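For the sequence shown, the numbering used here gives the first residue as 4, with consecutive numbering after it. Only one structure is covered here, and it is reproduced in the block below.
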Amino acid sequence: MMIVSDIVTLQERGKYQGILGAMVGLGNALGPLIASAFTLHTTWRGLFYLLAPLIMVTVAGSWIFLPSNMPKLNLKETISKIDFLGLFWGTAAVILLLIPISSGGHAGTPWDSPQVIAMLVVGGVCLLAFLFSEWKLASLPMMPLSIFRKPSVAAMLAQSFLLGACYYSYLYFIPLYYQNVRGRTPLIAACLQLPLVFAQSSFSTMSGLYMSRFNRYGEIIWGGFGIWTVGAGLLTLADEHTHIGLICFFLVLVGFGTGMVFQPTLVALQAHCPKAQRAVIVSNRNFLRSSGGAVGLAVSSAILGNVLKGALPQRLHYVAQSTFAAPDLSTFSAADQTAIKSAYASASRAVFIWCVPCVGACFLLCSLIKDGGLQRKEEKEAALPQTREEKTPRHSVGDEEKCPSAEEPVETDARSKDPGVNVSHSANSTDVSPKPSALSLKSESSR
Numbered sequence: 004m005m006i007v008s009d010i011v012t013l014q015e016r017g018k019y020q021g022i023l024g025a026m027v028g029l030g031n032a033l034g035p036l037i038a039s040a041f042t043l044h045t046t047w048r049g050l051f052y053l054l055a056p057l058i059m060v061t062v063a064g065s066w067i068f069l070p071s072n073m074p075k076l077n078l079k080e081t082i083s084k085i086d087f088l089g090l091f092w093g094t095a096a097v098i099l100l101l102i103p104i105s106s107g108g109h110a111g112t113p114w115d116s117p118q119v120i121a122m123l124v125v126g127g128v129c130l131l132a133f134l135f136s137e138w139k140l141a142s143l144p145m146m147p148l149s150i151f152r153k154p155s156v157a158a159m160l161a162q163s164f165l166l167g168a169c170y171y172s173y174l175y176f177i178p179l180y181y182q183n184v185r186g187r188t189p190l191i192a193a194c195l196q197l198p199l200v201f202a203q204s205s206f207s208t209m210s211g212l213y214m215s216r217f218n219r220y221g222e223i224i225w226g227g228f229g230i231w232t233v234g235a236g237l238l239t240l241a242d243e244h245t246h247i248g249l250i251c252f253f254l255v256l257v258g259f260g261t262g263m264v265f266q267p268t269l270v271a272l273q274a275h276c277p278k279a280q281r282a283v284i285v286s287n288r289n290f291l292r293s294s295g296g297a298v299g300l301a302v303s304s305a306i307l308g309n310v311l312k313g314a315l316p317q318r319l320h321y322v323a324q325s326t327f328a329a330p331d332l333s334t335f336s337a338a339d340q341t342a343i344k345s346a347y348a349s350a351s352r353a354v355f356i357w358c359v360p361c362v363g364a365c366f367l368l369c370s371l372i373k374d375g376g377l378q379r380k381e382e383k384e385a386a387l388p389q390t391r392e393e394k395t396p397r398h399s400v401g402d403e404e405k406c407p408s409a410e411e412p413v414e415t416d417a418r419s420k421d422p423g424v425n426v427s428h429s430a431n432s433t434d435v436s437p438k439p440s441a442l443s444l445k446s447e448s449s450r
């Protein structure tokens, strides 16, 4: 994303970022399919074995095709500018907050347990220390708080966090719904998720082309979060009896909305920031989206586990220990099978419900985003002298010799062909006088 920001103009960036968003969607489509195939036929570790050669191919392609023109930097000076303190406090805060959120409420770690409370408190302190470090201590902060001063930028960064929380929750828990509630295999569940990712890929590309064509992004972001909110609301209707085709239609709406905001929000963020801050904006946007995804998965897991335990009959509470995988239902009676499916349906529905206010908040935050186009004011002013220079006609040396100045004599009258007449034009007057002949000069000299 940073490379695209460096080598592509802001006007064309929407098109290329849209293509990148489409590739992300295709990866989200292929990943579950490959992982489920490994799980069914070999082992779930097979996907991780596949990652190493893919990374090697990516590194080789980057080495061959990407130009290397990095400036020479002082290693000691560069290392001294790294925000190690902010990195430490930020990492500690994320870890200490996510662990209790994801494990709280389960067997052995209730919400009022000393471990959960202690980790939440220490994690909150680390978060405050991180913010103070970025505000006062870091010479080159990894998250400069000044980027939050503009309402448009702050709104889009908040949208990135909430977007990650909802998007990754859908990617993770929709296949679980198909498996635990509808009884589908992992491979079929991955196939039934394709409407979401294919809709995301197609609309990501089209949204990028729209921004490059019209130099606008406001209506794209408004429409994307609006459609996503509608799709998220309809998805809460899914239970153990909802038709699969109807659920796929809901996922198409969610995919449309996701594709319209996944990359356009990044282009809009860059349009609101000077060129020197765009790399920082890209990195912080990706960090917040990933952090939102981690928080979203942790919260969704906690919701799923607690609702599942509460929805199961007392005699089946032990089933809630396997939150993410339903037990073999063939070993249960028909009544217990119905109760387990209904409990998993209620738990999945609770996850879908919590995603609705997150997406709705993103839609409301659109009111703070001002669409100023894809070219900043200072960039327009910097481009004006170059445009004027290009419009100024340029002559070659030969042309300059052929173009007379105002003070040079110009023959414009037939009398100029007469050697006895001197016709000279200047800028202000015309001098017409007879030239003395050679005979008159000779007679004058003899006298």
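Ideal placement from N, C-alpha and C gives every residue a C-beta, glycine not left out. Everything numeric in this text was worked out from a predicted model, so none of it was measured.
My understanding is that His320 touches Val156, with C-beta atoms under 8 Å, so please give their C-beta distance in whole angstroms.
Residue 320 sits at position 317 when you count from the first residue of the sequence shown. Residue 156 sits at position 153 when you count from the first residue of the sequence shown. Not confirmed; about 47 Å, so no contact.
Does the beta-carbon of Thr334 have 16 or more other beta-carbons within 10 angstroms, so that it is buried, or is it exposed?
Looking up residue 334 in the sequence shown gives position 331. Counting the other Cβ atoms within 10 Å of the Cβ of Thr334 gives fewer than 16, which makes it exposed.
State the start and end residues of the unbroken alpha helix (DSSP H) segment that holds Val264.
On the sequence shown, residue 264 is found 261 positions in, with the first residue counted as 1. Following the DSSP letters along the chain, one finds Val264 inside the alpha helix (DSSP H) bounded by residues Ile247 to Val264.
By Cβ distance, which residues of its chain are closer than 7 Å to Cys365, with the 5 residues on each side in sequence left out?
Locating residue 365 in the sequence shown gives position 362, counting from the first residue. Correct list, in chain order: Gln162, Leu165, Leu166 and Phe228.
Return the CA-CA distance between Ile247 and Trp138, expressed in angstroms with no decimal places.
In the sequence shown, residue 247 corresponds to position 244, counting from 1. In the sequence shown, residue 138 corresponds to position 135, counting from 1. About 50 Å.
On the criterion of 16 or more Cβ atoms from any shown chain inside 10 Å, does Leu318 qualify as buried, or is it exposed?
The residue labelled residue 318 in the question sits at position 315 within the sequence shown. A small correction: the amino acid at residue 318 is Arg; Leu does not occupy that position in the sequence shown. The residue in question, Arg318, is exposed, as its Cβ has fewer than 16 Cβ neighbours within 10 Å.
Quick check on this structure: which residue in Cys358, Asn183 and Ala168 has the alpha carbon closest to the alpha carbon of Ala323?
Locating residue 323 in the sequence shown gives position 320, where the first residue counts as 1. Of the candidates Cys358, Asn183 and Ala168, the one whose C-alpha sits nearest the C-alpha of Ala323 is Asn183.
Tell me whether Thr61 sits in a helix, a strand or coil according to DSSP, three-state version.
Locating residue 61 in the sequence shown gives position 58, where the first residue counts as 1. Three-state result, Thr61: helix.
Between Val27, Pro316, Gly64 and Phe91, which lies nearest to Ala485 when the distance is taken from Cα to Cα?
One cannot answer for residue 485 here, as it falls past the ends of the chain, which runs 4 to 450.
Where does Tyr19 sit, in a helix, a strand or coil, going by DSSP?
The residue labelled residue 19 in the question sits at position 16 within the sequence shown. Residue state, collapsed to three classes: helix.
Go to Ile177, then tell me how far its alpha helix (DSSP H) extends in each direction, as first and last residue.
The residue you call residue 177 lines up with position 174 of the sequence shown. Residues Pro154 to Asn183.
Identify whether Thr112 lies in helix, strand or coil by the three-state DSSP scheme.
As a position in the sequence shown, residue 112 is number 109, starting the count at 1. Secondary structure of Thr112 (DSSP, three-state): strand.
What's the gap between the Cα of Ala32 and the Cα of Val200?
As a working mapping, residue 32 is identified with position 29 in the sequence shown. As a working mapping, residue 200 is identified with position 197 in the sequence shown. So the alpha carbons of these two residues sit roughly 6 Å apart.
By how many angstroms is the C-alpha of Asp115 removed from the C-alpha of Ser71?
To locate residue 71, count along the sequence shown from 1; it is residue 68. To locate residue 115, count along the sequence shown from 1; it is residue 112. Between Ser71 and Asp115, the C-alpha separation is close to 54 Å.
For Arg288, which residues in the same chain have their Cβ closer than 8 Å to its Cβ, ignoring the five residues on either side in sequence?
Position 285 of the sequence shown, counted from the start, is the residue given in the question as residue 288. Within the same chain, Arg288 has close Cβ partners Met159, Leu160, Ser163, Thr268, Leu269 and Leu272.
Between Ile85 and the rest of its own chain, which residues show a CB-CB distance below 8 Å, the 5 nearest in sequence each way excluded?
The residue given as residue 85 occupies position 82 in the sequence shown. These residues qualify, in order along the chain: Leu143.
Between Arg187, Leu377, Cys169 and Phe355, which lies nearest to Gly299 when the distance is taken from Cα to Cα?
Counting from 1 along the sequence shown, the entry for residue 299 is found at position 296. When only C-alpha atoms are compared, the closest one is Cys169.
Would you mind stating whether Val310 and Ala282 have Cβ atoms separated by less than 8 Å?
As a first step, residue 310 is located in the sequence shown; it is residue number 307 there, counting from the start. As a first step, residue 282 is located in the sequence shown; it is residue number 279 there, counting from the start. No. Outside cutoff.
Touching or not, the segment 259 to 266 and the segment 205 to 218, by the rule of three or more beta carbon pairs under 8 Å?
Because the criterion of three Cβ pairs below 8 Å is met, the segment 259 to 266 and the segment 205 to 218 touch.
Measuring straight from C-alpha to C-alpha, what distance separates Leu130 and Arg152?
Start at 1 with the first residue of the sequence shown, and residue 130 comes out as number 127. Start at 1 with the first residue of the sequence shown, and residue 152 comes out as number 149. Rounded to whole angstroms, Leu130 to Arg152 spans 20 Å at the Cα level.
Taking a contact to mean a Cβ-Cβ separation below 8 Å, would you say Val1 touches Phe176 in this structure?
This structure does not reach residue 1, given that the chain is present from 4 up to 450, and the question cannot be answered.
So, for Gly234: in the same chain, excluding its five sequence neighbours on each side, which residues have a beta-carbon less than 7 Å away from its beta-carbon?
The count along the sequence shown starts at 1 and reaches residue 234 at position 231. Counting only Cβ-Cβ distances below 7 Å, and skipping sequence neighbours, we find Phe253, Leu256, Val257 and Gly260.
Assuming Pro103 and Met122 make a contact with CB atoms under 8 Å, what is their CB distance in whole Å?
The residue you call residue 103 lines up with position 100 of the sequence shown. The residue you call residue 122 lines up with position 119 of the sequence shown. Contact flag correct, Cβ pair sits at about 4 Å.
Taking DSSP as the reference, what is the three-state secondary structure of Trp47?
For the purposes of this step, residue 47 is taken as residue 44 along the sequence shown, with counting starting at 1. In this structure, Trp47 counts as coil in the three-state DSSP scheme.
Less than 7 Å between C-beta atoms, sequence neighbours within five positions excluded: which residues of the same chain meet that for Ser106?
Position 103 of the sequence shown, counting from 1, holds the residue named residue 106. So the list reads Thr112, once near-sequence residues are dropped.
Between the beta-carbon of Ala331 and the beta-carbon of Gly221, is there less than 8 Å?
In the sequence shown, residue 331 corresponds to position 328, counting from 1. In the sequence shown, residue 221 corresponds to position 218, counting from 1. The sequence shown places Asp at residue 331, rather than the Ala named in the question. No; because the gap between Cβ atoms is not below 8 Å, this pair is not in contact.
If we call anything under 8 Å between Cβ atoms a contact, is Leu179 one with Ser39?
In the sequence shown, counting from the first residue as 1, residue 179 sits at position 176. In the sequence shown, counting from the first residue as 1, residue 39 sits at position 36. No. Outside cutoff.
For Gln340, collect the residues of the same chain with a Cβ closer than 6 Å to its Cβ; drop the 5 residues on either side in sequence, then sort them by chain order.
Translated into positions along the sequence shown, residue 340 becomes position 337. Excluding sequence neighbours, Gln340 sits near Leu332.
Are the Cβ atoms of Leu43 and Thr188 separated by less than 8 Å?
Within the sequence shown, numbered from 1, the residue matching residue 43 stands at position 40. Within the sequence shown, numbered from 1, the residue matching residue 188 stands at position 185. In contact: Leu43 and Thr188 (Cβ atoms closer than 8 Å).
Using a 10 Å radius around the Cβ and a threshold of 16 neighbouring Cβ atoms, would you call Val62 buried or exposed?
Position 59 of the sequence shown, counted from the first residue, corresponds to residue 62. Result: exposed.
DSSP on Ile6, reduced to helix/strand/coil?
Your numbering for residue 6 matches position 3 in the sequence shown. Three-state result, Ile6: helix.
Are the CB atoms of Cys358 and Tyr173 nearer to each other than 8 Å?
Position 355 of the sequence shown holds residue 358. Position 170 of the sequence shown holds residue 173. Yes, these two residues count as a Cβ contact at 8 Å.
Could you check whether Ala348 and Asp242 sit closer than 8 Å to each other, using their CB atoms as the reference points?
The residue you call residue 242 lines up with position 239 of the sequence shown. The residue you call residue 348 lines up with position 345 of the sequence shown. For Asp242 and Ala348, yes; Cβs fall inside 8 Å.
For a test of the three-state rule: what should DSSP assign to Lys344, helix, strand or coil?
For the purposes of this step, residue 344 is taken as residue 341 along the sequence shown, with counting starting at 1. Correct three-state label for Lys344: helix.
When you compare only the Cα positions, how much space is there between Pro117 and Leu29?
Looking up residue 117 in the sequence shown gives position 114. Looking up residue 29 in the sequence shown gives position 26. Cα-Cα distance, rounded: 43 Å.
For Ser105, report the span of its alpha helix (DSSP H) as first-last.
The sequence position of residue 105 within the sequence shown is 102, counting from 1. First-last of the alpha helix (DSSP H) with Ser105: Phe87 to Ser106.
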